[in-house]
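Protein chains in written order, with the numbering used here: chain A, 731 to 1207; chain B, 148 to 215.
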């Protein structure tokens, strides 16, 4: 049996192998996660609700099934967390907001149901920026999650709890959502892997929407392989999600060990190298990664794309319009129930004209065409996830708009798969990262390129030092 | 090149836009919202900088498929 204090270091595949070999039980794995959360999450606030009873029941069921030879796939018996915008039947789902503080859904979101059907063990619900947009904020029912590498720094958002929980070793995988970078930003700041799949590949049904045409559901995990194994469980066509793509489910782990020999990688260096606030450490780490892929046999060439600011403006106008449509009535009737920052961001959609939105949609088509043009010649595009290490909480003035130093919005606009992977650490010991963008529905190539870099850099074994002794403040179910 | 509007002009513009949208902006939140509003105006101008002819269609144009 593995020592319970080191169980968090087991990958999903490693834990799964031990579960199937009978050298580890899901109950032991789950108890180790719950103990770690209880001991350490008080300093991080990554969970808003710990579902210990449900987790132990899920684990006991998994142990019995595996003992009986029933194998439900790679997440069977594996603990995970859900961002608190994913509906969970009978379990409070708050969107981290006063407006939904008593909301208990009757049905699971599709992703929650697929993880449950796949034998996963739900540890609880994770902190988010309010309605996946307003944060970091201190005027909400729950405190904001903190960065495990340094509590004075933000973990990114809006999947803030998901990034923090995975980086802290509370679970190997947590689900996030990404409308302008809310999976890849926290992954970048917390030093984990975050995959925003192709638009429509993973069902959004039962996940509280922020922006219908920009929302994506995807995993944050310790490693590329953990992400790939999760995708195998959560991917399926959903006829009740209007955006759901009716495409065959890829074999996500195929190619993880193939390397990158012969792969063609494009680098739009102008996106990030000349951007305001771009950290020399981020740029150097991307350059090193590009050299690494080249040494491994890939062709790496510099290309140009339309200006980043155009992608960003296009996405933010669409996001503002769609989010406002969702929140219009509450913004008109109970504005003070939103946190100051959420309110300041959400009302913007009320000031847009119909022409503003249609002009953004016309630009969106042009930007999609431009990226597709590049990806006809290359297998992937590499660019920055974030322009800097995680900012400090003190960098933000509560209630005022946040200029996130992330460059993730372009691929919400275009819908292409994009994954943030760690590239190293800053001189202050905070994670650095880049993102890999692939052709629509070519997640296996994105994962393959990420896995090659991950192996070459060997960063997955480094863990943050956490402060014990601050008991978890998360509620228990 | 047109003169950029003053902060007072923008405040009046924001208040009028909020009234039209049926939104009440609490006084203590007004300054922060004005900052976002300035950024929104910058973005709506930016997406119009590139000339487009009438044939450039939006991304949400769809094609119908006969029921099989």
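The beta-carbon is built from N, C-alpha and C at its ideal position, and this holds for glycine as well.
Same chain, Cβ closer than 7 Å to residue i, five either side skipped, listed in chain order
i              : result
residue 843/A  : none
residue 982/A  : 958, 961, 962, 1173, 1174 and 1177
residue 835/A  : 817, 818, 819 and 823
residue 935/A  : 839, 840, 968, 970 and 971
residue 1030/A : 995, 997, 1020, 1023 and 1024
residue 1036/A : 1097 and 1100
residue 1041/A : 1097, 1139, 1140 and 1143
residue 203/B  : none
For residue j and residue i, believed in contact at Cβ under 8 Å, the rounded distance
i              : j              : result
residue 857/A  : residue 890/A  : 5 Å
residue 741/A  : residue 749/A  : 12 Å between Cβ atoms; not a contact.
residue 770/A  : residue 898/A  : 6 Å
residue 1143/A : residue 1027/A : About 32 Å separates the two Cβ atoms, so there is no contact after all.
residue 168/B  : residue 1081/A : 7 Å
residue 896/A  : residue 932/A  : With a Cβ gap of about 18 Å, residue 896/A and residue 932/A do not count as contacting.
residue 1038/A : residue 1140/A : 7 Å
residue 869/A  : residue 1128/A : 7 Å
residue 1170/A : residue 909/A  : Contact doesn't hold; Cβ gap of about 18 Å is too wide.
Environment of residue i [buried if 16+ CB atoms lie within 10 Å]
i              : result
residue 731/A  : Legend: pLDDT at residue 731/A = 48, less than 50; position of this residue unreliable, value from coordinates given subsequently. The residue in question, residue 731/A, is exposed, as its Cβ has fewer than 16 Cβ neighbours within 10 Å.
residue 977/A  : exposed
residue 1184/A : buried
residue 200/B  : exposed
residue 1066/A : exposed
residue 1137/A : buried
residue 1116/A : buried
residue 207/B  : exposed
residue 212/B  : exposed
residue 1198/A : exposed
residue 1153/A : buried
residue 1079/A : buried
residue 800/A  : exposed
Same chain only: Cβ atoms within 6 Å of residue i, ignoring 5 sequence neighbours per side
i              : result
residue 1052/A : 941 and 942
residue 163/B  : none
residue 737/A  : 759 and 762
residue 886/A  : 893, 915, 916 and 919
residue 1180/A : 954, 1149, 1151 and 1166
Minimum C-alpha distance to residue i - residue among the options
i              : options                         : result
residue 1070/A : 185/B, 160/B, 174/B and 187/B   : 174/B
residue 949/A  : 792/A, 964/A and 988/A          : 964/A
residue 1086/A : 196/B, 182/B, 170/B and 154/B   : 196/B
residue 902/A  : 1021/A, 1179/A, 944/A and 807/A : 807/A
residue 946/A  : 921/A, 1013/A, 956/A and 974/A  : 974/A
residue 1132/A : 837/A, 787/A and 1076/A         : 1076/A
Residues near residue i by beta carbon distance below 8 Å, same chain, minus five either side
i              : result
residue 1156/A : 1009, 1011, 1119 and 1162
residue 181/B  : 154, 157, 158 and 161
Check: Which residues, in order along the segment 183 to 200 of chain B, keep a beta-carbon less than 7 Å from a beta-carbon of chain A?
Finding: Those residues of the segment 183 to 200 of chain B that come within reach of chain A (Cβ to Cβ, closer than 7 Å) are 183, 184, 186, 187, 190, 191, 193, 194, 195 and 199.
Notebook entry, point to check: Relative to chain B, which residues along the segment 1087 to 1120 of chain A have a C-beta separation below 8 Å, given in chain order?
Noted result: Identification of residues in the segment 1087 to 1120 of chain A having a C-beta nearer than 8 Å to some C-beta of chain B yields 1088, 1089, 1090, 1091, 1092, 1093, 1094, 1095, 1096 and 1098, given in sequence order.
Next item on the list: Give, in chain order, every residue of the segment 1068 to 1081 of chain A whose Cβ lies closer than 7 Å to some Cβ of chain B.
Entry: Of all residues in the segment 1068 to 1081 of chain A, 1070, 1073, 1074, 1075, 1077, 1078, 1080 and 1081 have a Cβ within less than 7 Å of some Cβ in chain B.
Item checked: Residues, ordered as in the chain, of the segment 928 to 942 of chain A that lie near chain B by beta-carbon distance below 8 Å -> Here the close residues number zero.
Next item on the list: Would you list, in chain order, the members of the segment 1122 to 1137 of chain A that have their beta-carbon closer than 7 Å to a beta-carbon of chain B?
Entry: Among the residues of the segment 1122 to 1137 of chain A, those with a Cβ less than 7 Å away from any Cβ of chain B are 1129, 1130 and 1131, in the order of the chain.
Check: Using Cβ-Cβ distances below 7 Å, what residues of the segment 875 to 886 of chain A are close to chain B?
Finding: Cβ contacts with chain B come from no residue of the segment 875 to 886 of chain A.
Check: Can you list, in chain order, the residues of the segment 1140 to 1168 of chain A whose Cβ is nearer than 8 Å to any Cβ on chain B?
Finding: Interface annotation for the segment 1140 to 1168 of chain A against chain B: empty, criterion Cβ-Cβ distance under 8 Å.
Margin query: Any C-beta of chain A within less than 9 Å: which residues of the segment 168 to 179 of chain B qualify?
Written below: Taking 9 Å as the Cβ-Cβ cut-off against chain A, the residues of the segment 168 to 179 of chain B that qualify are 168, 169, 170, 171, 172, 173, 175, 176, 178 and 179.
Check: In chain order, what residues of the segment 200 to 213 of chain B put their CB closer than 9 Å to some CB of chain A?
Finding: If the cut-off is 9 Å between Cβ atoms, the segment 200 to 213 of chain B has 203, 204, 205, 206, 207 and 208 near chain A.
Margin query: Residues of the segment 982 to 998 of chain A in Cβ contact with chain B at a cutoff of 9 Å, in chain order, please.
Written below: Of all residues in the segment 982 to 998 of chain A, none has a Cβ within less than 9 Å of some Cβ in chain B.
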